[in-house]
Amino acid sequence: MLKLPIYLDYSATTPVDPRVAEKMIPYLFEKFGNAASRSHSFGWEAEAAVEEARAEVARLVNADPKEIVWTSGATESNNLALKGAAHFYSGKGKHLVTVKTEHKAILDTCRELERQGFEVSYLDVRNDGLLDLEVFKAALRPDTIVASVMFVNNEIGVIQPISEIGEICRSRGIMFHVDAAQATGKVAIDLATLKVDLMSFSAHKTYGPKGIGALYVRRKPRVRLNAQMHGGGHERGFRSGTLATHQIVGMGEAFRLARLEMGAENERIRMLRDRLLKGLSDIEHVYVNGDMERRVPHNLNISFAYVEGESLLMAIKDLAVSSGSACTSASLEPSYVLRALGRDDELAHSSIRFTLGRFTSVEDIDYAIKLLHDKIGRLRELSPLWEMVQDGVDLSTVQWAAH
Amino acid sequence: MSYSVKVLDHYENPRNVGSFGKEEEGVATGMVGAPACGDVMKLQIKVGKGGVIEDAKFKTYGCGSAIASSSLVTEWVKGKTIDQALDIKNTQIADELALPPVKIHCSILAEDAIKAAVADYKKKHGEPVPA
């Protein structure tokens, strides 16, 4: 059953799985207690639910439940990890290392740390979107205290070499933080073997509710943080504030389902993604952004050259997707991630991100393929760039009147 | 981006899309913008007796409002002399299409395209190009 518009923006957010919603509902009314209330059964009941959820989050990533701290989402987790570690370890040094293709929750936090007197190196990636380990090693200094590299990129879906980076950091005594908001349920995460000290999670990218996330804080070897939120000493002092029991229960259930189902689900989604790519590959001048091998199966980021992204989004409004085009951003700048790959700005403006998920069907994909074929042709008929290319003009030799 | 009915109409049914033959009499071309900026407009005018614009065509690489702005000016310049065409201002285009503030640059680009096409015509026909 085809239902329009078709949602292909699962990396922006996912719907709450109905099984998750069902499990959350009792904690809004019947089981409304405060998990910090130690004197009655309402509190005990909430606390038990919170601890069960904590164990489920820990289980997905093979961590100890005591290493999981609840937050409001991955943005808060990233802030707590970077600011908390930078402040705590500032006596050892004031240098941090991260990557230009990180999420804004990392980049803007690093900018804030720079304002506070820290120094940050923002590393380039290769044109496949992956971090070069030699570039990473070369950026490390004796005063480097924290490195932060995302597990899975939100725009192009590439998987960074977290295991190798972890080894490098551990050998030099550098705290290693990983933003895993886009990774849970998509790649296997084993914190018993990965040398990762801090890892950020979000519920709503993995079929849980918005407004809840977690930060993994390693206990052996022990990682210390300065709290950013004070008031009551909840979460062992790392993050005060009354726990949102229903949200936490939802995240626990979402991560439990992810652990049980990700194997089969990822294969199904990979089949759909590959069907989409194959269906579009007969269109001329189509370019995949980012490495196709070291990539989550959910993501396809493609540039349709000579067609501007926003006008393409208007033409395919039956598909809910996102674009790297400047015109879809408030800043009027094209995607900084695609620019970091060394793509021409034109290809960044022409990019569309398709992200597939649990409720994507074969019919959805076939509809998308057909629609794109129709609309790309129409928009190229409208495009002076396409006309010039058809006439044999090399666009790179044209003197443009930039504005 | 929520667009006005007029923008959507021009986007869905763009007027005067295409190109004139390179050797056609009286044809002049204005190409403005850059691919790196996300919009390129090509406006062509066909000028007849008395400097009257008899026909116009466009092709645009850009967002919906860039396409709508250039489609609109092809309608507006037709029947005007080249000097009257130069009186078309970006504010009129923006008002007509009810462009949101972040899209005003599309109307400026459309105005620039008219100026560029007229300058091209004057260059080809020996009239001095205003500085």
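Chains B and U are the protein sequences, given in the same order.
Read in order, the letters of the first sequence correspond to residues 2 to 404 in the working numbering.
Read in order, the letters of the second sequence correspond to residues 141 to 271 in the working numbering.
Just so you know, even glycine gets a beta-carbon here, dropped at the ideal spot from N, CA and C.
Which first and last residues belong to the alpha helix (DSSP H) in which K186 (chain U) is found?
-> Counting along the chain, K186 (chain U) falls outside any alpha helix (DSSP H), though it belongs to the beta strand (DSSP E) covering D179 to V187.
Quick one: what's T76 (chain B) bridged to in DSSP?
-> In the DSSP output, where bridge partners are listed per residue, T76 (chain B) has none listed.
Can you find a CB in chain B that lies within less than 9 Å of the CB of V172 (chain U)?
-> yes
Can you list, in chain order, the stretches of the beta strand (DSSP E) that have 3 or more residues and sit fully within the stretch 92–117 of chain B?
-> 96–100
Comparing the C-beta of V384 (chain B) with each C-beta of chain U, is any distance below 9 Å?
-> This sequence places Ser at residue 384 (chain B); Val is not what is there. Yes, S384 (chain B) lies at the interface with chain U (some Cβ there is under 9 Å from its Cβ).
S144 (chain U) CB to nearest chain B CB: under 9 Å?
-> Taking Cβ atoms only, chain B never reaches closer than 9 Å to S144 (chain U), which makes this a no.
Nearest to L134 (chain B) (by Cα), restricted to the options B:G238, B:F305, B:G94 and B:V98 = Of B:G238, B:F305, B:G94 and B:V98, the residue nearest in Cα terms is B:V98.
How close, in whole Å, do the beta carbons of I207 (chain U) and A196 (chain U) come, if the pair is a contact with beta carbons under 8 Å?
-> About 15 Å separates the two Cβ atoms, so there is no contact after all.
Would you say the stretch 249–261 of chain B touches the stretch 48–58 of chain B, given that touching needs at least three Cβ pairs under 8 Å?
-> yes
According to DSSP, what are the bridge partners of F177 (chain B)?
-> Paired residue(s): B:A148.
Using alpha carbons as the reference points, say which of B:G209, B:G280, B:L273 and B:V322 lies closest to A54 (chain B).
-> B:G209
Where do the N-terminal and C-terminal ends of the beta strand (DSSP E) with T169 (chain U) fall, by residue?
-> Its beta strand (DSSP E) spans residues V167 to A174.
Taking three-plus beta-carbon pairs below 8 Å as touching, is the stretch 155–172 of chain U in contact with the stretch 207–222 of chain U?
-> yes
Take D10 (chain B) and list the residues in its own chain whose beta-carbon comes closer than 7 Å to its own, dropping the five residues that flank it on each side.
-> A321, V322, S323 and T356
Is L406 (chain B) near H231 (chain B), with beta carbons less than 9 Å apart?
-> A question about residue 406 (chain B) goes unanswered here, because the residues of chain B that appear run from 2 up to 404.
Within the stretch 22–81 of chain B, ranges of the alpha helix (DSSP H) (whole runs, at least 4 residues) | 42–61
Using a Cβ cut-off of 9 Å (strictly closer), state whether S323 (chain B) contacts chain U.
-> no
Selection from B:C170, B:E334 and B:N300 that minimises the alpha carbon distance to D198 (chain B) | B:C170
Segment contact, 8 Å Cβ cut-off, at least three pairs: the stretch 299–318 of chain B with the stretch 377–392 of chain B | yes
Between S367 (chain B) and G291 (chain B), what straight-line distance do the alpha-carbon atoms span, to the nearest angstrom?
-> It should be pointed out that residue 367 (chain B) corresponds to Asp in this sequence rather than to Ser. Straight-line Cα distance between these residues: approximately 23 Å.
Element boundaries [beta strand (DSSP E), containing D195 (chain U)] | I193 to Y201
Should the stretch 339–354 of chain B be called in touch with the stretch 179–198 of chain B, which here means at least 3 C-beta pairs below 8 Å?
-> no
Contact set for G233 (chain B): own chain, Cβ-Cβ below 6 Å, skip 5 residues either direction = S241
Have a look at K221 (chain B) and P66 (chain B) and give me their C-alpha separation to the nearest angstrom.
-> Their backbone Cα atoms lie some 13 Å apart in a straight line.
Would you check if the distance between the CB atom of P385 (chain B) and the CB atom of V180 (chain U) is smaller than 9 Å?
-> Yes, these two residues count as a Cβ contact at 9 Å.
Cutoff 6 Å; reference T207 (chain B); Cβ partners in own chain excluding five residues on either side = T185, G186, A255 and A259
Would you mind telling me which residues of chain B sit closer than 7 Å to S159 (chain U), beta carbon to beta carbon, in chain order?
-> Within 7 Å Cβ-Cβ: E388.
What distance in whole Å lies between the Cβ atoms of T102 (chain B) and G130 (chain B), which are believed to be in contact at a cut-off of 8 Å?
-> Sure, about 7 Å apart at Cβ, within 8 Å.
Sequence-distant residues of the same chain with beta carbon closer than 6 Å to G343 (chain B), five excluded per side = N128
Along chain B, in chain order, which residues have C-beta atoms closer than 9 Å to that of Y261 (chain U)?
-> By Cβ distance, chain B contributes nothing, its closest Cβ being about 17 Å from Y261 (chain U), past 9 Å.
Could you tell me whether the Cβ atoms of S211 (chain U) and S247 (chain U) are closer together than 9 Å?
-> no
Short-range partners of chain B found in the stretch 182–209 of chain U, where Cβ spacing is below 9 Å = K182, F198, K199, T200, Y201, G202, C203, G204, S205, A206 and I207
Three-pair Cβ contact test at 8 Å for the stretch 261–269 of chain B versus the stretch 115–127 of chain B = With contact defined as three or more Cβ pairs closer than 8 Å, the stretch 261–269 of chain B and the stretch 115–127 of chain B are not in contact.
Would you mind listing the beta strand (DSSP E) stretches within the stretch 254–300 of chain B that are 3+ residues and don't spill past its ends, in chain order?
-> For the stretch 254–300 of chain B, whole beta strand (DSSP E) runs of length 3 or above, ordered along the chain, are 287–289.
Exposed or buried, I157 (chain B), counting other C-beta atoms within 10 Å across all chains shown (16 or more means buried)?
-> buried
When burial is assigned at 16 or more other CB atoms within 10 Å of the CB, is M2 (chain B) buried or exposed?
-> exposed
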